[in-house]
Structure formats: structure tokens, C-alpha cells
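J.:
There are 2 protein chains.
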Amino acid sequence: MTDPLSRTLSALADPTRRAILARLVTGEATVNELAEPFDISLPAISRHLKVLETAGLISRGRKAQWRPCRLEPGQLKAVDGWLERYRRFWEDSFDRMDLYLASLQKGSIDGEPN
Amino acid sequence: MTDPLSRTLSALADPTRRAILARLVTGEATVNELAEPFDISLPAISRHLKVLETAGLISRGRKAQWRPCRLEPGQLKAVDGWLERYRRFWEDSFDRMDLYLASLQKGSIDGEPN
DNA sequence: CCGTTAATTAACATATCAGCTAAGTAATAA
DNA sequence: TTATTACTTAGCTGATATGTTAATTAACGG
Numbered sequence: 001m002t003d004p005l006s007r008t009l010s011a012l013a014d015p016t017r018r019a020i021l022a023r024l025v026t027g028e029a030t031v032n033e034l035a036e037p038f039d040i041s042l043p044a045i046s047r048h049l050k051v052l053e054t055a056g057l058i059s060r061g062r063k064a065q066w067r068p069c070r071l072e073p074g075q076l077k078a079v080d081g082w083l084e085r086y087r088r089f090w091e092d093s094f095d096r097m098d099l100y101l102a103s104l105q106k107g108s109i110d111g112e113p114n
Numbered sequence: 001m002t003d004p005l006s007r008t009l010s011a012l013a014d015p016t017r018r019a020i021l022a023r024l025v026t027g028e029a030t031v032n033e034l035a036e037p038f039d040i041s042l043p044a045i046s047r048h049l050k051v052l053e054t055a056g057l058i059s060r061g062r063k064a065q066w067r068p069c070r071l072e073p074g075q076l077k078a079v080d081g082w083l084e085r086y087r088r089f090w091e092d093s094f095d096r097m098d099l100y101l102a103s104l105q106k107g108s109i110d111g112e113p114n
């Protein structure tokens, strides 16, 4: 599993790690802050953070004895890019865009099915 | 790992399984057809298909002795939906926190859609 | 220097995963 | 009925993942 996309998806497959990412959306956090909501040990959290960092989903700084973690969106963007080729399977993108543009020209978008 | 999103992301973390999905974009295929490009045994492919089916990423029919597989986009859409809350982090590098806070009014705190 | 706080590393148990070969099942064809 | 084709299941192996507790490193503060 050497490729970055596999590593990223594997990292995202764990609900604890996804919850950590969700927390980091609100801004930087230290390891103890990130561990607080969970019932697992601090070393376990530390390992989860290592997985996220190796996957490129977070980066870590150093402030005194704290190691603030921050979200790195690059790999999430890569997942989005991978999804792109499948998007047409759940979106009728062309038809919907045609309808959207047509409705724009008529000056109303109220009737969009959505 | 009982939740559907974790199961889906775990299934997608394997490059062989992603390659199988990519093949299915071109239409239905039998197990032997799907196995053909790979150097691994047919039972290994069969297990990969089982993982994809359990994750809801494919479905399988029955035509005589063949088991045609087809892509099921629902779980890919779920991944796209999960990504949605992070999209602003790479689409909008300015004021991303403001945008997050604006969207927070309607979302859950731990970020898991279900 | 010593103690406290923050976090990581070490050592270990257990579970799941991905691969194999061999055997089994299901439907078709002779 | 028997053979063939298509695929799955069983049983095994080695690698990897997740968790634990105990020990260790790093920085700060008296």
C-alpha cells in the first residue's frame, strides 16, 4: 500500500481519525485536546495522529511542549479528484447543468428540482 | 468498523479494488473478466468483490453461471458528501474559517453524517 | 536539579487483511 | 450422467492494524 491515495483512504477509514479531522476543521489543537473526547489511551491517539500525518492529512508544529496539529487539505483534494470520474454516476451533470442554465436565462431558479 | 462510511473507505483503500471499480465504469463485467488484468488468483478477486459488495460499492446479478458485477454509486456519493465539509479548505484558501463557521449552524459537531 | 506536563516509543496481545492452494457449489453442455 | 465452466468457500500463512501499559524523551517552572 505504497501509493498516497491508498494511504489516505486507509487513514480515513477509521472513525476516530475522521472525528479528529472534523475537530481540526475548527482550528489547530494539541494531542491532549484531540484525545479528550475519546475513551482510548493517549498513545493510541498518538498513533492515529502519526497515521494521519504519514497520509499527509495533518501537519504538526512545535510550541514549547505542545505539538499543535493542523488540517492539511491536499490529500482530501486528491480523494475528491479521484471521485471525479465517478461523479457522473450519481449526478446527471449535463442535464442538470442544461436545466440550470436554461432557468438562469429565464431569470428564475425557484423551480429547480434539487 | 460497523459504520457504512468506514466500510466504504476501507474498501476503497485497496488499489486492486479501485482498479476493479474503474473497470466497472465501462459497464458490467463477470468475475473472470474483472480478474483478467491482475496477477492474483481468482479466489483473491472473489474476496475483493465480496468486500466491494459488502461496502455497497457494487452489486451482483446472476446470468447462467456468470455473476455480472455492476457499479453502485450510492456509497461513492456518500464519500463525496462526507468530503463536502472539507471542500472549502482547498477551494477557498481565504477566509476558510469564516465559511466554516457560517456552515456550522446546520452541521453536527463530530462530523459523522450518520 | 527536580518535578510536572506533553507527547512519543517500546513491548506486547489480539484481530483483521490479503494472498495462496485445494475443495466445493452451481449452472450449462455433451 | 458426466464433464466443463464459473465462481465461492475453507483452511492456512504472513503482514499489518489497533489497542493496552510501562518506560522514555522533551520542554517548562520552582
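Residue numbers (full-length UniProt numbering), protein chains in the order written: chain A, 1 to 114; chain B, 1 to 114. Where a beta carbon is used, it is the ideal one built from N, C-alpha and C, also for glycine. From a predicted model like this one, the values you see are computed outputs, not experimental measurements.
Examine the Cβ distances between the region 36-51 of chain B and the region 17-24 of chain B and report whether three or more of them are shorter than 8 angstroms.
T.: Because the criterion of three Cβ pairs below 8 angstroms is met, the region 36-51 of chain B and the region 17-24 of chain B touch.
J.: If you follow the alpha helix (DSSP H) that A:L42 is in, where does it begin and where does it stop?
T.: As a working note, residue 42 of chain A is residue 42 in the first sequence. First-last of the alpha helix (DSSP H) with A:L42: 42-54.
J.: Can you give me the Cβ contacts of A:I45 inside the same chain, cut-off strictly under 7 angstroms, excluding the 5 residues immediately before and after it?
T.: Counting from 1 along the first sequence, the entry for residue 45 of chain A is found at position 45. Closer than 7 angstroms at the Cβ level, and outside the excluded window around A:I45, lie V31, L34, A35, F38.
J.: Is DSSP giving B:R70 helix, strand or coil here?
T.: Translated into the one-based positions of the second sequence, residue 70 of chain B becomes position 70. B:R70 falls in the strand class under three-state DSSP.
J.: Let me see if you follow: with CB-CB separation under 7 angstroms, is A:K77 close to chain B or not?
T.: Here residue 77 of chain A is taken as the residue at index 77 of the first sequence, counted from 1. With 7 angstroms as the cut-off, A:K77 counts as an interface residue toward chain B.
J.: Is the CB-CB distance between B:F89 and A:P73 below 7 angstroms?
T.: Here residue 89 of chain B is taken as the residue at index 89 of the second sequence, counted from 1. Here residue 73 of chain A is taken as the residue at index 73 of the first sequence, counted from 1. A contact, by the Cβ cut-off of 7 angstroms.
J.: Does DSSP classify A:A29 as helix, strand or coil?
T.: Locating residue 29 of chain A in the first sequence gives position 29, counting from the first residue. Reduced to three states, the DSSP call for A:A29 is strand.
J.: Could you tell me whether any Cβ in chain B is nearer than 7 angstroms to the Cβ of A:L12?
T.: In the first sequence, the residue the question calls residue 12 of chain A occupies position 12. Yes, A:L12 counts as interfacial toward chain B.
J.: Could you tell me which chain A residues have their CB closer than 7 angstroms to the CB of B:P15, listed as they occur along the chain?
T.: Residue 15 of chain B sits at position 15 when you count from the first residue of the second sequence. Near B:P15 (Cβ distances below 7 angstroms), the residues of chain A are D3, S6.
J.: Based on DSSP bridge pairs, tell me the residues matched to B:K63.
T.: The residue given as residue 63 of chain B occupies position 63 in the second sequence. Paired residue(s): B:W66.
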